[in-house]
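Working notes for the structure below.
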Amino acid sequence: MPSTAILKLRHYCAYQERCHSEIKNKCLELGLRGEEVDEAIAALISDNFLNEERFARAFAGGKFRTKQWGRKKILAELKQRQVSAYCIKKSMEEIDDAEYEHMLTSLAIKKYASLKGEQYLKRKYKTIQYLLQKGYEPELVQGAVEQIAKDQKNRETASD
1 MPSTAILKLR HYCAYQERCH SEIKNKCLEL GLRGEEVDEA IAALISDNFL
51 NEERFARAFA GGKFRTKQWG RKKILAELKQ RQVSAYCIKK SMEEIDDAEY
101 EHMLTSLAIK KYASLKGEQY LKRKYKTIQY LLQKGYEPEL VQGAVEQIAK
151 DQKNRETASD
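Residue numbers for the sequence shown follow UniProt numbering, so the first one is 1 and each next one is one higher.
In C-alpha coordinates, the structure reads:
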(Lines of atoms letter the chains of each structure in order from A; the text may use other names.)
(Lines give C-alpha, C1' and ligand atoms only; values in the text may rest on other atoms or scores of the structure.)
Protein backbone atom coordinates (compact mmCIF):
# COMPACT_ATOMS: atom_id res chain seq x y z
CA MET A 1 0.00 0.00 0.00
CA PRO A 2 1.43 3.41 -0.94
CA SER A 3 2.73 5.26 2.12
CA THR A 4 1.84 8.65 0.59
CA ALA A 5 -1.80 7.58 0.60
CA ILE A 6 -1.62 6.72 4.30
CA LEU A 7 0.02 10.07 5.06
CA LYS A 8 -2.71 11.88 3.15
CA LEU A 9 -5.40 9.88 4.97
CA ARG A 10 -3.79 10.65 8.35
CA HIS A 11 -3.77 14.35 7.50
CA TYR A 12 -7.40 14.07 6.33
CA CYS A 13 -8.39 12.48 9.66
CA ALA A 14 -6.30 14.85 11.76
CA TYR A 15 -8.01 17.87 10.23
CA GLN A 16 -11.43 16.84 11.59
CA GLU A 17 -13.21 13.72 12.83
CA ARG A 18 -14.25 11.41 9.99
CA CYS A 19 -16.56 8.43 9.65
CA HIS A 20 -15.64 5.18 7.88
CA SER A 21 -17.67 5.98 4.75
CA GLU A 22 -15.82 9.30 4.28
CA ILE A 23 -12.50 7.46 4.56
CA LYS A 24 -13.60 4.82 2.04
CA ASN A 25 -14.50 7.57 -0.43
CA LYS A 26 -11.17 9.32 0.17
CA CYS A 27 -9.31 6.03 -0.37
CA LEU A 28 -11.04 5.62 -3.73
CA GLU A 29 -10.10 9.21 -4.64
CA LEU A 30 -6.48 8.38 -3.81
CA GLY A 31 -6.58 5.34 -6.07
CA LEU A 32 -6.73 2.61 -3.42
CA ARG A 33 -8.87 -0.42 -4.21
CA GLY A 34 -10.24 -3.51 -2.47
CA GLU A 35 -7.86 -4.86 0.18
CA GLU A 36 -5.83 -1.65 0.20
CA VAL A 37 -8.88 0.30 1.43
CA ASP A 38 -9.47 -2.17 4.27
CA GLU A 39 -5.78 -2.11 5.23
CA ALA A 40 -5.75 1.70 5.23
CA ILE A 41 -8.83 1.86 7.44
CA ALA A 42 -7.36 -0.75 9.81
CA ALA A 43 -4.11 1.24 10.02
CA LEU A 44 -5.96 4.48 10.76
CA ILE A 45 -8.03 2.79 13.47
CA SER A 46 -4.99 1.20 15.11
CA ASP A 47 -3.16 4.58 15.10
CA ASN A 48 -6.31 6.17 16.59
CA PHE A 49 -6.77 8.54 13.65
CA LEU A 50 -10.16 7.00 12.95
CA ASN A 51 -12.71 6.33 15.69
CA GLU A 52 -16.35 6.10 14.69
CA GLU A 53 -17.75 6.63 18.19
CA ARG A 54 -15.62 9.76 18.62
CA PHE A 55 -16.82 10.98 15.21
CA ALA A 56 -20.48 10.35 16.06
CA ARG A 57 -20.21 12.16 19.40
CA ALA A 58 -18.42 15.15 17.85
CA PHE A 59 -20.89 15.26 14.96
CA ALA A 60 -24.00 15.13 17.16
CA GLY A 61 -22.70 17.68 19.65
CA GLY A 62 -21.48 20.00 16.92
CA LYS A 63 -24.63 19.94 14.79
CA PHE A 64 -26.79 20.47 17.87
CA ARG A 65 -24.77 23.38 19.28
CA THR A 66 -23.80 25.19 16.07
CA LYS A 67 -26.68 24.49 13.68
CA GLN A 68 -29.34 23.84 16.35
CA TRP A 69 -30.38 20.57 14.72
CA GLY A 70 -32.84 18.28 16.48
CA ARG A 71 -32.21 14.63 17.33
CA LYS A 72 -34.15 13.27 14.34
CA LYS A 73 -32.10 15.20 11.79
CA ILE A 74 -28.81 14.24 13.48
CA LEU A 75 -29.91 10.60 13.60
CA ALA A 76 -30.85 10.60 9.89
CA GLU A 77 -27.54 12.19 8.92
CA LEU A 78 -25.52 9.65 10.93
CA LYS A 79 -27.49 6.79 9.36
CA GLN A 80 -26.84 8.22 5.91
CA ARG A 81 -23.13 8.20 6.74
CA GLN A 82 -23.46 4.49 7.66
CA VAL A 83 -22.48 4.98 11.29
CA SER A 84 -23.20 1.92 13.46
CA ALA A 85 -26.31 1.83 15.66
CA TYR A 86 -24.12 1.59 18.78
CA CYS A 87 -22.21 4.76 17.86
CA ILE A 88 -25.43 6.58 17.02
CA LYS A 89 -26.83 5.65 20.43
CA LYS A 90 -23.65 6.90 22.10
CA SER A 91 -23.75 10.14 20.09
CA MET A 92 -27.20 10.99 21.44
CA GLU A 93 -25.66 11.09 24.94
CA GLU A 94 -23.87 14.27 23.84
CA ILE A 95 -27.17 16.15 23.85
CA ASP A 96 -28.33 17.13 27.32
CA ASP A 97 -32.13 16.92 27.71
CA ALA A 98 -32.46 20.26 29.51
CA GLU A 99 -30.24 21.99 26.93
CA TYR A 100 -32.29 20.35 24.15
CA GLU A 101 -35.59 21.62 25.59
CA HIS A 102 -34.11 25.09 26.02
CA MET A 103 -32.83 25.16 22.42
CA LEU A 104 -36.22 24.02 21.07
CA THR A 105 -38.06 26.66 23.10
CA SER A 106 -35.72 29.50 22.14
CA LEU A 107 -35.89 28.56 18.43
CA ALA A 108 -39.70 28.39 18.64
CA ILE A 109 -39.94 31.79 20.36
CA LYS A 110 -37.61 33.39 17.83
CA LYS A 111 -39.45 31.93 14.82
CA TYR A 112 -42.90 32.72 16.24
CA ALA A 113 -41.87 36.32 16.93
CA SER A 114 -40.49 36.70 13.39
CA LEU A 115 -43.94 35.89 11.97
CA LYS A 116 -45.71 38.74 13.81
CA GLY A 117 -47.75 39.93 10.80
CA GLU A 118 -49.18 36.47 10.05
CA GLN A 119 -52.58 35.14 11.11
CA TYR A 120 -52.62 33.08 14.31
CA LEU A 121 -52.95 29.61 12.70
CA LYS A 122 -50.55 30.37 9.87
CA ARG A 123 -48.01 31.64 12.41
CA LYS A 124 -48.31 28.43 14.45
CA TYR A 125 -48.13 26.25 11.33
CA LYS A 126 -45.01 27.96 9.96
CA THR A 127 -43.28 27.76 13.35
CA ILE A 128 -44.08 24.04 13.63
CA GLN A 129 -42.86 23.36 10.07
CA TYR A 130 -39.61 25.22 10.75
CA LEU A 131 -38.90 23.19 13.89
CA LEU A 132 -39.78 19.88 12.22
CA GLN A 133 -37.43 20.74 9.35
CA LYS A 134 -34.72 21.36 11.96
CA GLY A 135 -35.21 17.78 13.14
CA TYR A 136 -37.12 18.19 16.38
CA GLU A 137 -39.67 15.57 17.44
CA PRO A 138 -43.30 16.40 16.49
CA GLU A 139 -44.69 15.88 20.00
CA LEU A 140 -42.08 18.23 21.55
CA VAL A 141 -42.59 20.81 18.80
CA GLN A 142 -46.37 20.74 19.19
CA GLY A 143 -46.12 21.27 22.95
CA ALA A 144 -43.59 24.10 22.69
CA VAL A 145 -45.51 25.99 20.00
CA GLU A 146 -48.85 25.58 21.80
CA GLN A 147 -47.28 27.02 24.96
CA ILE A 148 -45.73 29.99 23.11
CA ALA A 149 -48.99 30.74 21.26
CA LYS A 150 -50.93 30.56 24.53
CA ASP A 151 -48.45 32.85 26.30
CA GLN A 152 -48.62 35.29 23.38
CA LYS A 153 -52.43 35.35 23.45
CA ASN A 154 -52.37 35.95 27.22
CA ARG A 155 -49.95 38.86 26.75
CA GLU A 156 -52.12 40.39 24.05
CA THR A 157 -55.33 40.13 26.12
CA ALA A 158 -53.53 41.51 29.18
CA SER A 159 -52.33 44.59 27.22
CA ASP A 160 -55.85 45.38 25.89
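The C-beta atom is built at its ideal place from N, Cα and C for all residues, glycine as well.
Length of the line joining the Cα atoms of residue i and residue j
i: Ile-128; j: Lys-150; result: 14 angstroms
i: Phe-49; j: Gln-16; result: 10 angstroms
i: Ala-113; j: Ala-144; result: 14 angstroms
i: residue 172; j: Lys-24; result: Summary: the structure shown does not reach residue 172, with the chain confined to residues 1 through 160, and so no result is reported for it.
i: Leu-121; j: Val-141; result: 15 angstroms
i: Gly-31; j: Arg-54; result: 27 angstroms
i: Ser-46; j: Tyr-136; result: 36 angstroms
i: Glu-156; j: Ala-76; result: 39 angstroms
i: Arg-10; j: Glu-29; result: 15 angstroms
i: Thr-66; j: Gly-34; result: 37 angstroms
i: Lys-89; j: Glu-146; result: 30 angstroms
6 angstroms CB neighbourhood of residue i in its chain, flanking five on each side removed
i: Cys-27; result: Val-37, Ala-40
i: Glu-99; result: none
CB contact check: residue i to chain D, cutoff 9 angstroms
i: Tyr-100; result: Looking for chain D here will not work: only one protein chain is present.
Residue j beta carbon less than 9 angstroms from that of residue i
i: Gly-70; j: Leu-115; result: no
i: Gly-61; j: Glu-101; result: no
i: Arg-57; j: Ser-91; result: yes
i: Leu-78; j: Phe-59; result: yes
i: Lys-153; j: Lys-73; result: no
i: Cys-87; j: Glu-52; result: yes
Cut-off 7 angstroms between Cβ atoms - residues of its own chain near residue i, not counting five sequence neighbours on either side
i: Glu-21; result: It is worth fixing the name first, because residue 21 is Ser in this sequence and not Glu. Result list for Ser-21: Arg-81, Gln-82, in chain order.
i: Ser-159; result: none
i: Ser-84; result: Glu-52
Close beta carbons around residue i, own chain, < 8 angstroms, minus the five adjacent residues each side
i: Leu-132; result: Pro-138, Val-141
i: Lys-126; result: Lys-111, Leu-115, Glu-118
i: Leu-7; result: none
Nearest residue (CA-CA) to residue i, options the options
i: Lys-110; options: Arg-123, Glu-99, Arg-33, Ala-98; result: Arg-123
i: Leu-107; options: Leu-7, Ile-148, Cys-13, Ala-76; result: Ile-148
i: Asp-96; options: Leu-75, Lys-126, Phe-64; result: Phe-64
i: Cys-19; options: Gln-68, Gly-34, Ala-42, Glu-35; result: Ala-42
i: Gln-68; options: Thr-157, Ala-158, Tyr-130; result: Tyr-130
Contact test: residue i Cβ vs the ligand FAD heavy atom, cutoff 8 angstroms
i: Glu-29; result: This structure lacks the ligand FAD; in fact it carries no ligand of any kind.
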